[in-house]
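Student:
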Amino acid sequence: DEFNELIGDEFIPLLNKAGGAGFQVTAYTQTWSDVEARIGNRAKAGQVAGNFNTLIMLRVKEMATAEMLTEQLPRVEVFTLMSVSGVDDSSEPGSGVDFKSRNEDRISVSEVPLLTPAELITLPKGQAFALLEGGQLWKLRMPLPVDDSDMPESLAEIANEMERTYITNEQWYRVQEPWWTAVADVDSAIDREDHTDG
């Protein structure tokens with residue numbers, strides 16, 4: 050998550066050579082300004098950015114970070130339909146025409162950015178934009194976890210459960226039955242050792 054804490058001048062050649070050597074570098078940062086500040090040079094930070102072929106951007110809070118993605122996108126033509134209505138009164142009483150009306154539909158074309166930085170800054174949680182496969186823009190949606198009674202409340206609960214049920218190499222000789230029956234035996238042996246030590 051804190052890519053900027055690892056990066057330095059030595060990271061630039063690493064990124065240059067990594068792909069050719071069969072390595073894949075995945076890095077995460079909250080703002081691109083963090084990387085620029087760490088390197089101390091905007092041009093070198095640009096070198097770093099140029100060596101990443103895929104860019105995935107969730108909601109960001111910094112305009113410059115959002116522009117890293119939006120400035121790589123083309124402008125697109127947008128058609129706008131405008132309806133115009135009008136009425137004219139006739140000023141000649143003997144002409145037989147009391148008024149004239151008209152309705153028009155006008156189509157205009159304008160160029161707009163495909164995606165604006167403001168749209169990245171206001172993305173909902175669990176959504177992102179990505180430049181993949183040579184700069185193609187993709188919209189991503191990630192499923193968010195829902196409250197589930199089977200899910201642990203915290204990482205501490207997961208760690209405690211792992212510690213309780215995990216069998217290490219130290220007890221390998223005690224395991225003669227399938228592992229799921231040995232868990233209870235190992236737990237009771239550890240409890241006995243704890244009682245004799247204390």
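In our numbering, the protein residues as written are 50 to 247.
Just so it is clear, CB atoms sit at the ideal spot from N, CA and C, and this is done for glycine as well.
Taking the Cβ atom as the reference point for each residue, do R87 and I56 lie within a distance shorter than 7 angstroms?
Tutor: The answer is yes: Cβ separation under 7 angstroms.
Student: Given I105, which residues of its chain have a CB within under 6 angstroms of its CB, disregarding the five upstream and five downstream residues?
Tutor: A177, A179.
Student: What are the start and end residues of each continuous beta strand (DSSP E) run of 3 or more residues lying completely inside the stretch 140–209, in chain order?
Tutor: Listed in chain order, they are 148–162, 176–181, 185–190.
Student: Can you give the Cα-Cα distance for A208 and S82, rounded to whole angstroms?
Tutor: Roughly 36 angstroms between the two C-alpha positions.
Student: Per the DSSP calculation, S132 is bridged to which residue(s)?
Tutor: Partner(s): D154.
Student: Could you please give me the residues that DSSP links to I105 through a beta bridge?
Tutor: DSSP lists A179 as partners of I105.
Student: Looking only at its chain, what residues have a beta carbon closer than 8 angstroms to the beta carbon of F101, apart from the 5 residues adjacent to it on each side?
Tutor: Once the five neighbours on either side are set aside, the close Cβ partners of F101 are L64, V74, A76.
Student: Could you check if L193 is buried or exposed, using at least 16 other CB atoms within 10 Å of its CB as the buried criterion?
Tutor: By the 10 Å Cβ count, L193 comes out exposed.
Student: Since I believe R124 is in contact with L163 (beta carbons under 8 angstroms), could you give me their beta-carbon distance rounded to a whole number of angstroms?
Tutor: Between R124 and L163 the Cβ distance is about 7 angstroms, and since that is below 8 angstroms, they are a contact.
Student: In terms of alpha-carbon separation, which member of E202, Q121, R155, A98 lies closest to N53?
Tutor: Considering only alpha carbons, the answer is A98.
Student: Please state whether the Cβ-Cβ distance between A94 and V84 is less than 7 angstroms.
Tutor: In contact: A94 and V84 (Cβ atoms closer than 7 angstroms).
Student: Should T5 be labelled buried (16 or more other beta-carbon atoms within 10 Å of its own) or exposed?
Tutor: As displayed, the chain neither begins before 50 nor continues past 247, which places residue 5 out of reach and without an answer.
Student: Grab the span of the alpha helix (DSSP H) containing T114 for me, first residue to last.
Tutor: From DSSP, the alpha helix (DSSP H) with T114 extends over 112–119.
Student: Specify whether the stretch 111–127 and the stretch 149–163 touch according to this definition: at least 3 beta carbon pairs, one from each stretch, less than 8 angstroms apart.
Tutor: Short answer: they touch.
Student: Taking 8 angstroms as the cut-off, does the stretch 108–120 touch the stretch 141–161 (at least 3 CB pairs, one atom from each stretch)?
Tutor: At 8 angstroms Cβ cutoff, the stretches do not touch.
Student: Using a Cβ-Cβ cutoff of less than 7 angstroms, which residues in the same chain neighbour L118 once the five nearest sequence positions on both sides are dropped?
Tutor: L104, M106, L169, F178, L180, listed in sequence order.
Student: For M131 versus R151, is the C-beta spacing smaller than 7 angstroms?
Tutor: No; because the gap between Cβ atoms is not below 7 angstroms, this pair is not in contact.
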